[in-house]
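From first to last, the protein sequence lines stand for chains A and X.
FYI, the numbering for the first sequence is 1 to 313, going by the working numbering.
FYI, the numbering for the second sequence is 1 to 340, going by the working numbering.
Every residue, glycine too, gets a C-beta built ideally from N, C-alpha and C.
To start, the structure under review is shown below, and the notes come after it.
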Amino acid sequence: MTALSTVRRSWLLAPVSHPDRVSDAPSAGADVIVLDLAEFVAEPDKPAARESLRDCLLPANSTGAEVFVQIDPELMLADLSAAVWPGLDGVVVTRAETPGQVVSIDAIISELESRRGMSPSSVELVLSLETAQGNQNGFEVATASSRTWGLSLGRADLVMDLRPEPSGETHLMQYLMQRLVTLASATGTVPIGAWWRFPDRGLLATPENTLVAAQRGRAIGFKGSFCVVDNQVLPLNAGFTPSESEVAAAHALCEAYESATASGTYTMVSVDERVLTPDIVGQAANTVALADACSTRDRFKAAAVKGIPVPVP
Amino acid sequence: MPSSTRRLKRSGLTMPIVTPRFINNAWHRGCDYINMDLEDSVPPNLKGYARSLVRESIPVVNKGGADAVCRINHDLMEADLDAAIWPGIMMVNYPKTEYGHEIERMDAIITRLEAERGIRPGTVEIGANIETAVGVANAFEIVTASSRVRDFGGASGYDMSRDLGVEMFVAFDQFVYGKGEVELAARAAGREPRAAPFTPNITGSVSDPDRAFAEADAARKCGFRIGGGLHPAVVEPQIRGFAPSDDEVSDARWVLREYRKLSRTGQTWVQVDVSSVDREASPRPMASESYLGRHRVIDRYEAARAEELLQWQDLCQERDQEKAEAIDRVRAAESAESAT
Numbered sequence: 001m002t003a004l005s006t007v008r009r010s011w012l013l014a015p016v017s018h019p020d021r022v023s024d025a026p027s028a029g030a031d032v033i034v035l036d037l038a039e040f041v042a043e044p045d046k047p048a049a050r051e052s053l054r055d056c057l058l059p060a061n062s063t064g065a066e067v068f069v070q071i072d073p074e075l076m077l078a079d080l081s082a083a084v085w086p087g088l089d090g091v092v093v094t095r096a097e098t099p100g101q102v103v104s105i106d107a108i109i110s111e112l113e114s115r116r117g118m119s120p121s122s123v124e125l126v127l128s129l130e131t132a133q134g135n136q137n138g139f140e141v142a143t144a145s146s147r148t149w150g151l152s153l154g155r156a157d158l159v160m161d162l163r164p165e166p167s168g169e170t171h172l173m174q175y176l177m178q179r180l181v182t183l184a185s186a187t188g189t190v191p192i193g194a195w196w197r198f199p200d201r202g203l204l205a206t207p208e209n210t211l212v213a214a215q216r217g218r219a220i221g222f223k224g225s226f227c228v229v230d231n232q233v234l235p236l237n238a239g240f241t242p243s244e245s246e247v248a249a250a251h252a253l254c255e256a257y258e259s260a261t262a263s264g265t266y267t268m269v270s271v272d273e274r275v276l277t278p279d280i281v282g283q284a285a286n287t288v289a290l291a292d293a294c295s296t297r298d299r300f301k302a303a304a305v306k307g308i309p310v311p312v313p
Numbered sequence: 001m002p003s004s005t006r007r008l009k010r011s012g013l014t015m016p017i018v019t020p021r022f023i024n025n026a027w028h029r030g031c032d033y034i035n036m037d038l039e040d041s042v043p044p045n046l047k048g049y050a051r052s053l054v055r056e057s058i059p060v061v062n063k064g065g066a067d068a069v070c071r072i073n074h075d076l077m078e079a080d081l082d083a084a085i086w087p088g089i090m091m092v093n094y095p096k097t098e099y100g101h102e103i104e105r106m107d108a109i110i111t112r113l114e115a116e117r118g119i120r121p122g123t124v125e126i127g128a129n130i131e132t133a134v135g136v137a138n139a140f141e142i143v144t145a146s147s148r149v150r151d152f153g154g155a156s157g158y159d160m161s162r163d164l165g166v167e168m169f170v171a172f173d174q175f176v177y178g179k180g181e182v183e184l185a186a187r188a189a190g191r192e193p194r195a196a197p198f199t200p201n202i203t204g205s206v207s208d209p210d211r212a213f214a215e216a217d218a219a220r221k222c223g224f225r226i227g228g229g230l231h232p233a234v235v236e237p238q239i240r241g242f243a244p245s246d247d248e249v250s251d252a253r254w255v256l257r258e259y260r261k262l263s264r265t266g267q268t269w270v271q272v273d274v275s276s277v278d279r280e281a282s283p284r285p286m287a288s289e290s291y292l293g294r295h296r297v298i299d300r301y302e303a304a305r306a307e308e309l310l311q312w313q314d315l316c317q318e319r320d321q322e323k324a325e326a327i328d329r330v331r332a333a334e335s336a337e338s339a340t
């Protein structure tokens with residue numbers, strides 16, 4: 001299965017130090033639940049959070065969500081020792097900055113996978129480039145481990161202290177987002193994020209703004225986004241899923257191209273005042289495939305909620 | 001001036017050093033720094049004469065409390081530095097910086113001149129101005145080439161427009177990529193970004209006070225602290241635009257008070273319903289800054305911004321006081337002189 005065929009539209013962060021948030025998370029409908037040890041856990045609560053983490057893994061995926069744990073690279077040994085147990089799908093690294101850091105994280109995970117009876121290389125990584133250094137070193141960081149599945153800017157707006165401009169855009173963000181999407185494509189990883197605007201901050205927004213951020217985010221290449229509260233999950237799922245009219249148009253375009261090129265003479269044809277090329281049709285086919293993958297994912301989650309065993313898509 | 005002191009650069013006038021009426025009147029304009037230009041505003045046949053003026057002009061421009069800065073010529077670095085590095089000079093601007101080795105060489109020359117001329121080591125800052133595509137490509141090696149580069153920015157303006165062959169005065173941001181590269185390099189190197197949000201300027205006016213205020217205001221709200229200009233009319237609006245408003249100060253105090261409450265709860269953030277806050281009580285939140293409609297997030301990031309704002313306000317007030325006192329001293333001396 002290639003990275004892009006994995007549908008991970010909504011990544012709901014739930015601080016492990018807040019049992020109510022952790023127990024509520026599975027009912028929100030997220031594709032991924034991110035059990036957080038780093039960003040939303042107060043420093044004194046971290047030891048207890050680590051101890052309780054293992055027991056959170058299986059309940060978290062009871063409704064068909066995948067489970068990631070978000071760690072602090074400065075505390076990587078303790079955080080990973082608490083997180084890497086059977087049932088874990090991946091690790092989100094906050095403030096990822098250097099290739100050395102990622103290599104160390106990879107090595108610790110490998111050791112824990114083998115010690116704890118997990119398949120080797122089963123735990124994936126999402127690297128959040130939240131600092132200037134992380135973005136500056138982006139290519140080296142992204143290619144430091146073969147576990148790296150995705151890249152994100154995380155809460156760079158807060159970590160880098162980027163504030164709203166008069167236009168409503170967050171300063172520097174358009175540059176950083178395009179840089180990240182390009183970097184992800186160049187390194188074969190998946191860009192995770194959304195195009196937030198003032199007054200959204202730190203991945204937090206109203207459901208309405210979250211939907212718009214997801215739609216705009218998808219338009220510039222993001223495949224899913226983190227969020228902070230439960231009511232952002234469904235807007236993210238919707239925003240990162242092609243709409244019915246989009247899918248219908250893509251189907252129609254593929255069919256029109258197929259019949260216009262049936263003679264085998266041309267690959268670039270004009271249909272209804274539009275020029276269709278293999279790239280355009282390929283993009284339309286991707287939209288159809290993404291819509292299929294999204295509905296497979298949604299069916300899987302629906303079945304899991306009803307307790308029907310279904311193989312993982 | 002000890003090298004560790006952060007010098008404020010909210011407003012600065014760039015002027016040809018060969019025009020005495022500019023240099024002699026600069027001291028009472030109220031700007032944080034005066035940029036004595038040896039470069040674009042000085043014709044080639046006057047470069048030697050211009051150099052001979054720097055040493056004596058330093059005390060003239062800084063008698064009103066402004067810091068003295070000198071912009072040198074890219075291709076005349078050594079001769080210009082020899083003319084510019086004298087006690088009282090705060091910074092040297094190096095235009096069209098393209099490579100790290102240029103800044104390394106400049107650092108070595110300044111280090112020698114500081115030693116020879118009794119200037120405390122590390123005092124003189126380097127303004128490494130990025131004004132060409134090559135400079136953008138090498139931004140990170142340039143900003144890390146010397147610890148004298150304390151703030152860093154560019155990739156826009158007249159020279160950049162010429163280098164890329166693009167229009168300077170348009171209603172959209174034509175430098176998104178280059179400015180992004182340079183700002184990211186500055187931040188990654190841990191230097192202060194010299195940046196500002198885009199504000200359209202299609203007239204090319206350098207003397208419009210309203211525009212100058214709007215730019216400085218937007219820059220301050222975005223967290224930027226450095227400005228500059230070419231016309232005396234923009235100095236006062238820039239200083240005003242970089243100063244936190246009373247509402248912002250009150251808001252920052254409210255944020256810090258709410259954050260102290262939060263730190264005792266085991267939560268890392270909270271949403272406060274701004275409409276429930278007593279509007280008459282001081283400090284109070286700014287409704288216009290509220291997130292999620294009526295709700296305002298309080299967390300460590302918001303607290304850090306509030307703390308920085310209060311420190312910035314103190315720095316601005318101290319610096320304004322320092323300049324006002326210097327100007328008063330000059331005026332008192334002048335009136336004493338004319339009385340005798």
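Using a threshold of 8 Å, is the CB atom of residue i nearer than that to any non-hydrogen atom of the ligand FAD?
{"i": "X:M168", "result": "This structure simply doesn't include the ligand FAD, nor any ligand for that matter."}
Per DSSP, residue i forms a beta bridge with which residues?
{"i": "X:R194", "result": "X:G153"}
{"i": "X:A68", "result": "X:I34 and X:I89"}
{"i": "X:T14", "result": "X:N35"}
{"i": "A:S270", "result": "A:V275"}
{"i": "X:A128", "result": "X:Y94"}
{"i": "X:I103", "result": "Per DSSP, none; premise fails for X:I103."}
{"i": "A:F68", "result": "A:V34 and A:G90"}
Could you spell out the range, first to last residue, of the beta strand (DSSP E) harbouring residue i?
{"i": "X:Q267", "result": "That residue, X:Q267, is in no beta strand (DSSP E); it is neither H nor E in DSSP."}
{"i": "A:P15", "result": "S10 to P15"}
{"i": "A:F40", "result": "A:F40 -> no beta strand (DSSP E), and no H or E assigned at all."}
{"i": "X:E56", "result": "From DSSP, X:E56 is part of no beta strand (DSSP E) but of the alpha helix (DSSP H) over K47 to V61."}
{"i": "A:E124", "result": "E124 to S128"}
Have a look at residue i and residue j and give me their C-alpha separation to the nearest angstrom.
{"i": "X:P285", "j": "X:S156", "result": "36 Å"}
{"i": "X:N73", "j": "X:L81", "result": "9 Å"}
{"i": "X:G227", "j": "X:Y33", "result": "10 Å"}
{"i": "X:T19", "j": "X:A128", "result": "25 Å"}
{"i": "X:R55", "j": "X:L230", "result": "22 Å"}
{"i": "A:R274", "j": "A:A256", "result": "11 Å"}
{"i": "X:I23", "j": "X:T14", "result": "10 Å"}
{"i": "A:D230", "j": "A:R21", "result": "9 Å"}
{"i": "A:D79", "j": "X:T199", "result": "44 Å"}
{"i": "A:M1", "j": "A:L112", "result": "For A:M1, the predicted model reports a pLDDT of 38, less than 50, meaning its position is unreliable; a value from the coordinates is still stated below. When rounded, the distance between both Cα atoms is 24 Å."}
{"i": "X:V176", "j": "X:P193", "result": "15 Å"}
{"i": "X:M36", "j": "A:W149", "result": "53 Å"}
{"i": "A:P286", "j": "A:T277", "result": "Here residue 286 of chain A turns out to be Asn, not Pro, going by the sequence shown. Going from the Cα of A:N286 to the Cα of A:T277 covers about 14 Å."}
{"i": "X:D159", "j": "X:P44", "result": "18 Å"}
{"i": "A:A3", "j": "A:G29", "result": "Note that A:A3 has pLDDT 41, beneath the 50 cutoff, so the model's placement of it is unreliable and no number is given."}
{"i": "A:A83", "j": "X:I130", "result": "46 Å"}
{"i": "A:S23", "j": "A:D55", "result": "11 Å"}
{"i": "A:D298", "j": "A:N237", "result": "9 Å"}
Between which two residues does the alpha helix (DSSP H) holding residue i run?
{"i": "X:I239", "result": "V235 to F242"}
{"i": "A:V159", "result": "A156 to V159"}
{"i": "A:C227", "result": "No alpha helix (DSSP H) contains A:C227, which is instead part of the beta strand (DSSP E) from S225 to C227."}
{"i": "X:E258", "result": "D246 to L262"}
{"i": "A:S104", "result": "P99 to R115"}
{"i": "A:V22", "result": "P19 to D24"}
Q) How do the region 212 to 225 of chain A and the region 191 to 199 of chain A stand: do at least 3 beta-carbon pairs fall below 8 Å, yes or no? A) yes
Q.
Quick check: the region 55 to 69 of chain X against the region 316 to 327 of chain X, are at least 3 beta-carbon pairs closer than 8 Å?
A. yes
**Q.** the region 119 to 135 of chain A in contact with the region 165 to 174 of chain A per 3-pair CB rule at 8 Å
**A.** no
Q: Could you tell me which uninterrupted beta strand (DSSP E) segments, each at least 3 residues in length, are contained entirely in the region 134 to 203 of chain A, listed from first to last along the chain?
A: 148 to 152 and 190 to 192
Q.
Please give the ranges of any alpha helix (DSSP H) in the region 131 to 186 of chain X, keeping only runs that are unbroken, at least 4 residues long and fully inside the region.
A. 133 to 137, 139 to 143 and 158 to 164
Q: Tell me the start and end of each unbroken beta strand (DSSP E) in the region 276 to 335 of chain X that is at least 3 residues and wholly inside, in chain order.
A: 295 to 299
Q) Taking one C-beta from the region 207 to 227 of chain X and one from the region 181 to 188 of chain X each time, how about it: are there three or more such pairs within less than 8 Å? A) no
Q.
I'd like to know if the region 138 to 150 of chain X and the region 163 to 173 of chain X are in contact, where contact means that at least 3 CB-CB pairs between them fall below 8 Å.
A. no
Q) Any contact of the region 13 to 20 of chain A with the region 33 to 44 of chain A, i.e. 3+ C-beta pairs under 8 Å? A) yes
Q: Check whether the region 295 to 303 of chain A touches the region 58 to 74 of chain A, taking contact to mean three or more Cβ pairs, one atom from each stretch, closer than 8 Å.
A: yes
Q) Given 8 Å as the limit, is there contact between the region 39 to 59 of chain A and the region 254 to 273 of chain A, that is, 3 or more CB pairs closer than that? A) no
Q: Examine the Cβ distances between the region 126 to 144 of chain A and the region 200 to 207 of chain A and report whether three or more of them are shorter than 8 Å.
A: no
Q: Take every Cβ of the region 281 to 300 of chain A, pair it with every Cβ of the region 233 to 247 of chain A, and state whether three or more of those distances are shorter than 8 Å.
A: yes
Q) When the Cβ atoms of the region 36 to 54 of chain X are set against those of the region 251 to 271 of chain X, are three or more pairs found closer than 8 Å? A) no
Q | Continuous alpha helix (DSSP H) assignments of at least 4 residues falling wholly in the region 212 to 259 of chain A | A | 233 to 239
Q. Using 8 Å as the Cβ pair cut-off and three pairs as the minimum, do the region 137 to 145 of chain A and the region 160 to 169 of chain A touch?
A. no
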